Amino acid sequence: MEFIFRPLTEIHALEIANEWKYDGIYSFYDMTADAEDYEEFIDEDLRNQNDHYEAWENDELIGFFCVIQETPSIEIGLGMRPDICGKGKGKQFVMQIINFIEHNYKFDKLIMNVATFNQRAIKVYRSCGFKDSEITKRNTNGGVFDFLTLVKNR
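Numbering (my numbering), first residue to last: 6 to 159.
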C-alpha cells in the first residue's frame, strides 16, 4: 500500500485532536489527554512552527506526522487512526514517512521519542532501523512518564 502525504489541514487537525480516541493504555495518546499538546496541534500558528502532514490511504485519512527540524537532526512525531493501530500497517507507515523525509529534508539523524509502555510502537521503530539511545522522564499528560529515545542515522 502506498500512503499519500499532504500538509495537515485545519479541519483534519481538529478531527484528529477531537475524535481520535485510543483504547486502554493507549488513551495516553489522545490529543485531549494533554492540554498543551492539544493546543499545539489545533492552533494553526503553533502547529505551523513545525511541518505537519496528514496521511491518506484509499481516500481515507489514516494518520499524521510532524517533522521537528532541530538542525542537523529531525524529530518525528506521528499517529495512526485508532482503528488501524495494531493491524500490521505500522512498519510500512513509518518506512514511508522516513522515505518522505529523506527526499524532502536535510538531516544527519532521525529521532523518535516513545513512552516505554508502548512496546508495540518500539518494536515497529526498531524494525525500521532505529536504535535505542536513552530513557528520560517527561512531564506530560498529568504525570511523569519514562520515554525511550530512538535514533536512526542517515
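C-beta: ideal position from N, C-alpha, C; glycine also. As the structure is a prediction and not an experimental result, all values here were calculated from the model.
query                                                                                                                                                                             : result
Beta strand (DSSP E) containing Gln74: first to last residue?                                                                                                                     : 65–75
Which runs of the alpha helix (DSSP H), 4 residues or longer, sit entirely within the stretch 12–93?                                                                              : 15–24, 40–47, 49–52
Excluding the 5 residues preceding and the 5 following Ala38 in the sequence, name in chain order all residues of the same chain whose CB lies nearer than 7 angstroms to its CB. : Ser32, Asn146
Return helix, strand or coil for Asn118, following the three-state DSSP convention.                                                                                               : strand
Could you work out which residue in Tyr58, Lys92, Phe105 is closest to Ala126 when comparing CA atoms only?                                                                       : Lys92
Please report the straight-line C-alpha distance between Asp113 and His17, rounded to a whole angstrom.                                                                           : 30 angstroms
What residue range does the alpha helix (DSSP H) around Glu107 cover?                                                                                                             : 95–109
Taking all protein chains shown into account, do 16 or more other C-beta atoms lie within 10 angstroms of the C-beta of Arg86, making it buried, or fewer, making it exposed?     : buried
Put Arg131 into one of helix, strand or coil per three-state DSSP.                                                                                                                : helix
Excluding five sequence neighbours on each side, which residues of the same chain lie with their C-beta closer than 8 angstroms to the C-beta of Thr165?                          : The first residue shown for the chain is 6 and the last is 159, placing residue 165 beyond what the model contains.
Is the separation between the beta-carbon of Ala60 and that of Tyr43 shorter than 8 angstroms?                                                                                    : no
Using CA atoms only, rank isn't needed, just tell me which of Asp56, Gln124, Ile73 is closest to Phe10.                                                                           : Asp56
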